[in-house]
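Chemist: Below are the structure tokens for one structure; questions will follow.
Residue numbers (UniProt numbering): 1 to 212.
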């Protein structure tokens, strides 16, 4: 079975929380501490970015089942590709065995970058790709026509995963569940033209795997 599908089935199992607690209790303490620290830093990165770009953060906790399949499966595919050594990375080569906050994007599958290299996930402003909904695939007319992309982020452990949706495809959930495996921050209104720009310098970087 595809690793992402297997992980999805596990996270959707009614006893997943019990299994996760068991594994956490039996994992080496230093590993748990490193993952926890990276997850806290990733959450801070997500909320700080939301406040910087949107002026506020509406981050909330979600159960895996509350994250729609179009977002959940690519997120898990990115996680499993990174753990399995199949993902492309920035030149700093973030390693899942040395947890730290990392960033990925729905529109650049298979790419994992560190915080300093989030510019590698940028799309040309106003391009068709920049105006494409990651949920339904529709190319929006643009915010100047009242039809812009609403950027959002979802966090799973140390990974912050970016996405953008059209007005018809948001919010990703109408009734957020309790804090569990994922957290999300979503913007109510499209800002500017196309997606919010990632912070950091522009350019290209070299890393493991093909350039993106």
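From the three backbone atoms N, C-alpha and C, an ideal C-beta is built for every residue, glycine too.
Buried or exposed: residue 125, going by 16 or more other Cβ atoms within 10 Å of its Cβ?
Modeler: Start at 1 with the first residue of the chain shown, and residue 125 comes out as number 125. By the 10 Å Cβ count, residue 125 comes out exposed.
Chemist: Between 43, 24 and 76, which has its C-alpha nearest residue 2's C-alpha?
Modeler: As a first step, residue 2 must be located in the chain shown, where it is residue number 2. Per the Cα distances, 76.
Chemist: Along the chain, which unbroken stretches of the beta strand (DSSP E) at least 3 residues long are found entirely within the stretch 73-117?
Modeler: Whole beta strand (DSSP E) segments, 3+ residues: 102-105 and 108-114.
Chemist: Report back the beta-carbon spacing between residue 165 and residue 148 to the nearest angstrom; my notes put them in contact at under 8 Å.
Modeler: Reading the chain shown from its first residue, position 165 is the one you call residue 165. Reading the chain shown from its first residue, position 148 is the one you call residue 148. Going by Cβ atoms, the distance from residue 165 to residue 148 rounds to 10 Å, so no, they are not a contact pair.
Chemist: Could you check whether residue 158 and residue 109 sit closer than 8 Å to each other, using their CB atoms as the reference points?
Modeler: In the chain shown, the residue the question calls residue 109 occupies position 109. In the chain shown, the residue the question calls residue 158 occupies position 158. Cβ atoms of residue 109 and residue 158: not closer than 8 Å.
Chemist: Are residue 135 and residue 169 close, meaning C-beta to C-beta below 8 Å?
Modeler: On the chain shown, position 135 is the one that residue 135 refers to. On the chain shown, position 169 is the one that residue 169 refers to. Cβ distance < 8 Å, so residue 135 and residue 169 count as in contact.
Chemist: Should residue 160 go down as buried or exposed, given a rule of 16 or more other Cβ atoms within 10 Å for buried?
Modeler: Position 160 of the chain shown, counting from 1, holds the residue named residue 160. Residue 160 is buried by the Cβ-count criterion.
Chemist: For residue 133, which of helix, strand or coil comes out of DSSP?
Modeler: Translated into the one-based positions of the chain shown, residue 133 becomes position 133. Residue state, collapsed to three classes: coil.
Chemist: Go to residue 11, then tell me how far its beta strand (DSSP E) extends in each direction, as first and last residue.
Modeler: As a working note, residue 11 is residue 11 in the chain shown. Element bounds for residue 11: not the beta strand (DSSP E) but the alpha helix (DSSP H), 3-11.
Chemist: Would you say the stretch 5-16 touches the stretch 59-74, given that touching needs at least three Cβ pairs under 8 Å?
Modeler: Verdict: yes, contact present.
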